[in-house]
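Asker: Add 46 to the 1-based position in the sequence shown for this note's numbering, that's all there is to it. Virtual Cβ for every residue (Gly too), placed ideally from N, Cα, C.
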Amino acid sequence: MGVVIPLFKTKVRECGFELTSEEKLRISLIQSAMETLHREEENIEQEIARKCREEIARMNMIDRKLQELEFELEAIYQNSQRHNDRIS
Numbered sequence: 047m048g049v050v051i052p053l054f055k056t057k058v059r060e061c062g063f064e065l066t067s068e069e070k071l072r073i074s075l076i077q078s079a080m081e082t083l084h085r086e087e088e089n090i091e092q093e094i095a096r097k098c099r100e101e102i103a104r105m106n107m108i109d110r111k112l113q114e115l116e117f118e119l120e121a122i123y124q125n126s127q128r129h130n131d132r133i134s
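See the structure below:
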């Protein structure tokens, strides 16, 4: 299971016009709620990782194998295409 790690802190969006105090308050509340939900999401991910280590390890193994097979398949297609291009 992947986790998105932000590389840069997101900027507060600036708009070209003045916001009312009600809009500013609503934006502040929305941002606070979003931060709370992000923290809750991180906590759930940590809890799942703690409780389901074996399942996550198996999923990672399957994912690696799928990637290997996808690369092999792509290599076959590319080699076939090159071969066909040389014949033409």
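With a threshold of 7 Å on Cβ separation, who are the neighbours of Ser74 within its own chain once the five nearest residues in sequence on each side are excluded?
Answerer: Numbered from its first residue, the sequence shown carries residue 74 at position 28. Excluding sequence neighbours, Ser74 sits near nothing in its chain.
Asker: Expressed to the nearest angstrom, what Euclidean distance is found between the alpha-carbon atoms of Lys97 and Asp109?
Answerer: In the sequence shown, counting from the first residue as 1, residue 97 sits at position 51. In the sequence shown, counting from the first residue as 1, residue 109 sits at position 63. Their backbone Cα atoms lie some 20 Å apart in a straight line.
Asker: To which residues of the same chain is Leu65 closer than 8 Å at the C-beta, ignoring the five residues directly before and after it?
Answerer: Along the sequence shown, read from residue 1 onward, the residue named residue 65 stands at position 19. Correct list, in chain order: Ile73.
Asker: Helix, strand or coil: how does DSSP classify Phe63 here?
Answerer: Your numbering for residue 63 matches position 17 in the sequence shown. Three-state DSSP puts Phe63 in coil, outside helix and strand.
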